[in-house]
Amino acid sequence: MKLLPAHPSDRVATAVLLFSATVWGLTWMPLKWFVAQGLPGPLVSLLTYGSVGLLAVGLLWRDRAAWRAQWGLVLALTLVGGWANTSFVNAVMLGDVARVMFLFYLSPVWSVLGGRLFLNERIPPARWGAVAGAIVGLWLVLGGPGVGGAEALAFTWVDALSLSAGFAFAANNVIARAADRVPLRTKTFAVFVGCGLLSALATALTGRTLPGIGAWLWLALLAYGFGWMLLATVTWQYGVTHLESSRAGVILLAELLVSVGTAIALGGESLSPMGWAGGALITCAALAEALFPPAEKPLTETAPTAVHTP
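Our numbering numbers the first residue of the sequence shown as 146 and each following residue consecutively.
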């Protein structure tokens, strides 16, 4: 984005990242609107993320010399990041936004485990404590299975999508850290390509046909893909590139607060006291993950390690 300075002050980078987190936090609004128009989730992600990914294929091909040595990791980013996007979009469109976001933000658990198992990172005790707190928070958000009533045991496939989206998001970031020779542009747009491919597969498997879409609805879909999502992605990458990871992680929690707050205030959603307690634990776990990064030196110092894929 040429409108943004190449070497911004911390204040500018913070403002840009806060803007991005807010945009991501409000993503549920257009997605719920698409549901009201009768559009299924796989089709929405196919027409929005997939359309951006289709045009990005040329950029990825042009960068092939830079990522050829790590093509396997690029393929993994495509599939894992694509699943994170596809599952997240469908979960938000079909489920309660607050519940989906809290389950998605269990990604600190997966980040800690993935970093320890695959990158041999040293995990500070505070991060292990965050893992334990997040697991207890998950138990509470789901209604305290084993303690509450029968309804507390109702784990739905939307919950599974939310959890898998958070897992894929964390795995995507682990892969991105390992792919230290892959250009940031390739990492970013590979996710859009993967989302388009997986959304096309999901659309075909569910037997969905393209419904009648008027010109205004087509315009809204394209505006969401090429406007909303690209703007959010570029500003996200810009912010995390120019801020230290701990500060960026704290700022990015605004996404969780904005999404849950607006869903309750504007979307007519509600949480039980147990759900609020679980959400608070998950939020604290995400905060601890941001404040206590891996003890090992990152694999690369020239590119951010976080690729946002909701």
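Each residue gets a CB set at the ideal place from its N, CA and C atoms; glycine is no exception.
- For the 9 Å CB-CB criterion, Thr-331 and Val-189 do not form a contact.
- Of the candidates Ile-409, Pro-270, Ile-358 and Thr-407, Ile-358 places its Cα closest to the Cα of Val-180.
- Within a 10 Å sphere around the beta-carbon of Thr-333 sit 16 or more other beta-carbons, which makes this residue buried.
- Secondary structure of Glu-266 (DSSP, three-state): coil.
- DSSP places Arg-326 in the coil class of the three-state scheme, outside both helix and strand.
- Contact between Ala-345 and Gly-195 is confirmed by a C-beta separation of about 7 Å, below the 8 Å threshold.
- Here the C-alpha atom of Pro-418 lies approximately 35 Å from the C-alpha atom of Gln-382.
- Its Cα nearest to that of Gly-394, the residue Ala-430 stands out among Leu-362, Ala-430 and Gly-227.
- For Thr-348, the three-state secondary structure derived from DSSP is helix.
- Under the Cβ criterion (8 Å, minimum of three pairs), the stretch 231-241 does not count as touching the stretch 261-274.
- For Ala-201, the uninterrupted alpha helix (DSSP H) run begins and ends at 186-207, by DSSP.
- Separation of the CB atoms of Val-405 and Met-246 is rounded to 6 Å, and the pair is thereby assigned contact status at 8 Å.
- Per the C-alpha coordinates, the member of Gly-424, Gly-339, Gly-420 and Thr-428 positioned closest to Ala-229 is Gly-339.
- Less than 9 Å separates the beta-carbon of Leu-222 from that of Ala-335.
- By the neighbour-count criterion, in which 16 or more other beta carbons inside 10 Å mark a residue as buried, Glu-389 falls on the exposed side.
- By the beta-carbon neighbour count (other beta carbons within 10 angstroms, threshold 16), Leu-199 is exposed.
- For the pair Val-286 and Tyr-369, the Cα-to-Cα distance works out to about 30 Å.
- Per DSSP, the unbroken alpha helix (DSSP H) holding Glu-434 starts and ends at 418-436.
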